[in-house]
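What follows is a set of notes on a single structure, which appears directly below.
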Amino acid sequence: MSESKKSKPTKKKITRPISIDHIARIEGKAGIEVHHDGKNVQVSHVNIFEGPRYFEAITLGKPIEEATAVFPRVCSFCAAAHKITGVQAAEKAIGLHPTGQTVSLRELLYIGDFIESHALHLFLLAFPDFLGYPDAFSMGKDHPAILSAGMAMKDIGADIQTIIGSRYIHQENALIGGFGKLPTTKNLEKLKKQLVGIRNEAEQALETLVSYRNWPEVDAERMHLALEPYDGTYTMLGNMVHASDGSKFKVDAYKMRIKESVVEHSFAKHSHYKDKPFMTGALSRYVLFGKNMTGRAKELGDMYIEHLDANNPMSNNFAQAIEIVHYVHRAEEIIHNLLDSYKPLEKRIIPQITKAGTGVSMTEAPRGMLAYTISVDKKGRVKGADIITPTAMFLPILEDDLRRMSEGMLQQGIKDAKIIGPKLETVVRSYDPCVSCSVHISEIK
Amino acid sequence: MTTSEMRDEGKENIYDTAKCRLLRKYDLSEQDKLFLFRFEDPEIAMNWRYGPGQFVTVSILGLGEVPISICSSARTMGFFELCIRNAGRVTSQIHKLEPGTLVGIRGPYGNGFPMEQFANRDLLLVAAGLGMAPLRSVFLYALDNRWDFGNITIINSAKYGNGLLFKKELEAMKDIATAEDISIVQTVTRDPDFEGLHGRATTHFDKVNVDPKNCAVAMCGPPAMYKGMFEELIARGYDPRYIFVTLERRMKCGVGKCGHCNIGTATSWQYACKDGPVFDYYDITSIPGLI
Amino acid sequence: MGVIDGCAGDCRPRVGVYALTSCYGCQLKLATVSKIMEIADTVSFESFYMLSSASKMPADVDVAFVEGSVSTEKDLEELFEIRKHSRILVALGACSVNGGVQSWSEGEMNHDQLHAIVYGEEKIGMKSLQATPISKHVEVDYYLPGCPPEEDEIMYFISAFLFGTFPEPKDYPVCAECRLAGNPCILIERGEPCLGPVTTAGCKARCITFNVPCIGCRGPVPHNTAWFDSLAMTFKEKGISEELVRHRFRIFGAHNPDLEPMLDKIYKGGK
Amino acid sequence: MRYVKISKQDTYEFLERLKKIGTLYAPHKVSEKFYDFCEVDDVKDVEFDYQRTIRPPRRFFYPEREVLFTFDTHKVELYENLPSKEKQILFGVHSCDIVALRTMDSKFMDDQPDPYYKVRRDNGIVIGISCVPDEYCFCNVRRVEFVDTGFDLFFHELPDGYLVRVGTVVGHKLIDPYEGEIFKEVCPDDVENMSKFEEKRASMFTTTGNWDTLRYFMEMRLDHPMYMRESEKCLGCGNCTLTCPSCKCYDVQDIPSIDGRTGERIRYWDSCQFRSHGLVAGNHNFRETKLDRFHNRYQCKNSYCKDTTTSFCVGCGRCTYFCPAGIQFKENLMEIAGYKGGTT
Ligand SMILES: Cc1cc2nc3c(=O)[nH]c(=O)nc-3n(C[C@H](O)[C@H](O)[C@H](O)COP(=O)(O)OP(=O)(O)OC[C@H]3O[C@@H](n4cnc5c(N)ncnc54)[C@H](O)[C@@H]3O)c2cc1C
Ligand code: SF4
Ligand code: SF4
Ligand code: SF4
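Residue numbers (the working numbering), protein chains in the order written: chain A, -10 to 434; chain B, 17 to 307; chain C, 277 to 547; chain D, 62 to 405.
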């Protein structure tokens, strides 16, 4: 972080810039740029320096199976999310219906991603802020229990993904039509045992967070969007998007409803719903569907309800912590149900592509809604691909929150960039942005 | 040789090493250093024997093991010298060792030169580059047992003057040499500034003081040198039964197990470490692929 | 054993972890190896933005791990800076070693065309470049391939570095590891286009162990021993179309200069 | 030699009892076309009819990767890491593989024994089983289709069970406790059946004759065009050598640990089909090209193993069966030697 000398004043009036070149402890390369005149903020940008990788363009003309192998490479923190969403879109495009067991295993794999991603975000990236350390290594020296709980959560998330997906980053075992090899009963049982053993650690994040209050400066009413869980519970798969204003739309219509635009300062595109910025992610999910939670997650959610302020983005951390608890239990349940009638030799449905088609799929990635549209021609080659990632969706509202935070501080008479800067970083971090993700958004013209 | 078998019988694990302390190191050239080692265990130090042309493996824990020819006189008790070129991962670390450091040594391995067969003959030793290392051991052996051999010629060659190994040591021997019927020839091939002889070993056969009919030849250098030398020697009437060369191959075990140093073809399959590294004229000319 | 030159075993080696254009998976892998806390004790992370606010750019370091391909002018500038301030530079992962998936369309479309497809007419301030491996621009001291790299190889590298050396490189293919793992060969048995025979070993045939043909994420075997031509001939005999073979070889190998001539040799009868 | 008989049903019982002695490994079907030696969990999974396993039995005595020593650089000490003396029982080994194990012994045990191999071999029990050849098999021309040493027990298939030859003291001790119970006396019918089986088996080999001249022809035709033609197809993947029951090449590496002080000295199977097999310092390679490496294997495999009076190649057919490029070792050798027929 440094006070930039380069940035030119945007108006004749003296403006003071607060500029952070490289926000640490987030996934990807982004900076913050805020210009103010001591009272009001004129500019508030999240600058994204991530280079473009053009996923939608490089996959054009490639066989769909190869393309779905490449999509998870959009992002390492949510590789499974991209894999599953991509595969689902591809399956819809070619008219393939996966078996129930495949869907359950995919959900379990996805949960592995959630637990790992949330654990990494909370324990390695966010907590050092709250506890006053530059990084988890130094935090771990003073708070070994917190760190080891985080590592244990990350490990179980990684183990689930490794056993089902082949590894926890870029899972090759999830394919169109099923899996190359199914986990053995023994391995599933092993996972279940691990999950049961980890219930206490799962609550560690909540316990750490309860002593920290959300900053009121970023309080503001906002629109939340989240995917309705397919089975009326609380999970990441579904077909209908709900908004906190009561409106709904089917995922197939996302391109009509969520508008994208290119902005000057980054390779990322920004999204709006009903011409307004909106929020997506753990908090939005909790706000819209938290009522469906059961058991321990529900108890804890009810107990700490004031930490789950729908109007404050910092509550996203808390919502993630609740989700960890929920997903640990849900994973146990899924394994339990799977084992009831497990078919370890079930064959993958080999895709037979005979006609062209387009498929749309949306899921809730750890950071929020993730949308894929894939078109294939009758030879099974990708004709068009469109990916909108959660970070692209929440960037506009994040920029608004940064403006609110800065203005709030200025009103309190705090003008020192060295004090405001880190606070802004913390706000950014509470969204858990995934910058490498955000850059591949496009519309096929 | 038999000594190596004796030693290995006493030891349980043929891959285990014995500790040796580095006592001194000298620069021989920009890339080559001479290292003097002594066994830590007096028992081993007193009983360790080797013959010229044999090699040991030097083990630097964490990096690996490399085969290196012994270049000192077979007479020294418990001491031995290695001349090592800085050629890669392990050897570059050996070059950094300070006197006093311990390393692991296994060996001696290989057949070595058949010194008993050489007895009562003149000796012609032809070395190119690093090839001087094993031949120095042969040369010192001959000096130690001077009465067993006739006239001796040693041809030491290198590309550049500063790459002539043991140049000073050989030069210092000049006076004794004349008295002892030893001809020392040091020559370079690519160094116009070198003050001394120029050209390949074969160009200096006029300085050779041995009788071809009753001479044993030992050579060590790049395989490319051997072909030319063979022709030259045969043409000059040297007895092919007494022409020996050493070969280099990749080696990981030194005892004929790891398979890397395999040479030969279906009827003559051999291991350079165990069946060699010293081979005679007939091996080399009858088995394809050795050089 | 003297650990690092001029350090005599007392000081902690300084390490920097940097990303160019990538998915951050290699850093994530490095950050999540099971012995990360031991590494953090042994070395000092001078720059590791993903994990630490106490990061500098550029930092003077003994080892720099660079993830990602060079895909913008800013990447290139940063890479030069990193090189200048690092004693040893390690290419971490497929993007950095071979250009990664983002170079899949190299030679098919240039980046202006790619840009137009994704962003249309609209211009963006930053200038993008064709994704290239970092070795194209700076000297690289060591390569850790993989998408993402394997934990044991990362650990081996760091430990070897502490011993003042580099790991011995692997110059054999995944195919060998696959047989050692006792896997049935899916190329022989099912005729599926597995890239195991041309891909650098190290993953212990991870995918094939899951019955999934290798897509070559660890990149071609080094030292010109990736025999794309022989494998293409085998694929051809099994009736796999040239198009599929080419696309598959190119996912992680598009930047390999040997690839196209070798494919042409098989499919166009060239030399 | 001692001969006994066991019924098919009792064989399972015998396997159960073997499991109590140590870890039992036997052939299992691992996919549509492939078999491998696996640890026996359920004896019903054991395959008695199979042609060849993916991994050769040598791996039980000489594993793909093992730690030879651990070390401490401060003390400059190597600590031997010998394997445990736990019993390993290999059931269902074909005669070719048994001879291959003997070629291993000749390399690893006969002079300067390799202690790691020796411990495992001394604690290993090898039980052979008869087999019928497929088109890849040529153990007959290698003269190893029938073994008389190298096994503790050898099971010969009969219509109603197995005729068991007892090869060693260890073998006797395996039989003794169950003599009369599950092991019965052999009757003349059984001998008749065994000889019928052998006769039928002999007629099934697609290659016949005597290959003793092969290695001489190979030497006199070192530049045979076959090498160039076939090595072009070769992928350099090493499957041929890694699945070979008599390949023994290994590499050694020191793997240091993160404490900067300790580590492991490991060895793992190498292959002459890999570039680094012949590589030395200064980037000089004694087997520079794919052709050189390909050539090397053909020479090595057909060289003479004096201690077993056969070539190192025992004709198991693995290197052809598991070659992804479909390179036909047997056919190529016949081409070099000029052996026309034998192919029925
Ligand atoms: C019989 C024999 C005698 C030798 N005598 C000497 C000598 O007196 N002085 C000297 O300087 N060198 C000698 N060498 C060569 C020396 O062994 C190599 O220079 C050394 O192994 C290089 O190891 P490195 O790790 O430094 O090189 P790298 O190139 O980094 O080698 C990596 C690995 O390859 C193997 N390797 C590389 N080159 C060779 C090689 N030539 N032989 C065997 N294995 C190799 C080693 O296992 C080594 O660990 C001899 C070699 C042999 C076979
Ligand atoms: S098998 Fe291939 S694709 Fe899979 S991890 Fe290994 S190199 Fe990567
Ligand atoms: S040299 Fe090759 S063929 Fe011979 S044993 Fe070694 S790996 Fe096998
Ligand atoms: S298995 Fe076949 S392709 Fe692989 S190295 Fe051997 S001969 Fe070559």
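Virtual Cβ for every residue (Gly too), placed ideally from N, Cα, C.
Anyone know if the C-beta pair for residue i and residue j falls short of 8 angstroms?
{"i": "residue 294 of chain A", "j": "residue 195 of chain A", "result": "no"}
{"i": "residue 212 of chain B", "j": "residue 205 of chain B", "result": "no"}
{"i": "residue 302 of chain A", "j": "residue 207 of chain A", "result": "yes"}
{"i": "residue 132 of chain A", "j": "residue 309 of chain A", "result": "no"}
{"i": "residue 173 of chain D", "j": "residue 84 of chain D", "result": "no"}
{"i": "residue 386 of chain A", "j": "residue 274 of chain A", "result": "no"}
{"i": "residue 108 of chain A", "j": "residue 146 of chain A", "result": "yes"}
{"i": "residue 122 of chain D", "j": "residue 62 of chain D", "result": "no"}
{"i": "residue 141 of chain B", "j": "residue 151 of chain B", "result": "yes"}
{"i": "residue 186 of chain B", "j": "residue 167 of chain B", "result": "no"}
{"i": "residue 238 of chain B", "j": "residue 135 of chain B", "result": "no"}
{"i": "residue 187 of chain D", "j": "residue 151 of chain D", "result": "yes"}
{"i": "residue 133 of chain D", "j": "residue 323 of chain D", "result": "yes"}
To which residues does DSSP link residue i through a beta bridge?
{"i": "residue 323 of chain D", "result": "D:133"}
{"i": "residue 200 of chain A", "result": "None; residue 200 of chain A has no bridge partner."}
{"i": "residue 366 of chain D", "result": "D:371"}
{"i": "residue 295 of chain B", "result": "B:261"}
{"i": "residue 187 of chain D", "result": "D:151"}
{"i": "residue 20 of chain A", "result": "A:36"}
{"i": "residue 287 of chain B", "result": "B:278"}
{"i": "residue 364 of chain C", "result": "C:339"}
{"i": "residue 312 of chain D", "result": "D:329"}
{"i": "residue 292 of chain C", "result": "C:323 and C:340"}
{"i": "residue 231 of chain B", "result": "B:138"}
{"i": "residue 99 of chain B", "result": "B:50"}
{"i": "residue 299 of chain C", "result": "Answer is none; residue 299 of chain C lacks a bridge partner."}
Buried or exposed: which applies to residue i, given that a residue is buried once 16 or more other Cβ atoms fall within 10 Å of its Cβ?
{"i": "residue 290 of chain D", "result": "exposed"}
{"i": "residue 287 of chain C", "result": "exposed"}
{"i": "residue 381 of chain C", "result": "buried"}
{"i": "residue 208 of chain B", "result": "exposed"}
{"i": "residue 217 of chain D", "result": "buried"}
{"i": "residue 446 of chain C", "result": "buried"}
{"i": "residue 283 of chain A", "result": "exposed"}
{"i": "residue 126 of chain B", "result": "buried"}
{"i": "residue 163 of chain B", "result": "exposed"}
{"i": "residue 391 of chain D", "result": "buried"}
{"i": "residue 328 of chain A", "result": "exposed"}
{"i": "residue 397 of chain D", "result": "buried"}
{"i": "residue 135 of chain A", "result": "buried"}
{"i": "residue 235 of chain B", "result": "buried"}
Practice item. Please list the segments of the alpha helix (DSSP H) lying wholly inside the region 206 to 248 of chain D, counting only runs of 4 or more residues, in order along the chain. Key: 230 to 236
Review point. Relative to ligand 4, what is the chain-ordered list of residues with a Cβ closer than 5 angstroms to any of its non-hydrogen atoms?
Key: D:295, D:296, D:298, D:300, D:301, D:334, D:384, D:386 and D:388
Check your understanding: Around ligand 1, which residues pass a check of Cβ closer than 5 angstroms to any of its heavy atoms?
Key -> B:71, B:80, B:82, B:83, B:84, B:85, B:100, B:101, B:103, B:104, B:105, B:106, B:107, B:149, B:264, B:266, B:267, B:293, D:341 and D:342
Exercise for review: Counting only runs of 4+ residues fully inside the region 25 to 69 of chain B, write out the alpha helix (DSSP H) ranges in chain order.
Suggested key: 58 to 63
**Study point:** Entirely enclosed beta strand (DSSP E) segments - the region 124 to 184 of chain B, minimum 3 residues
**Key:** 138 to 144 and 168 to 174
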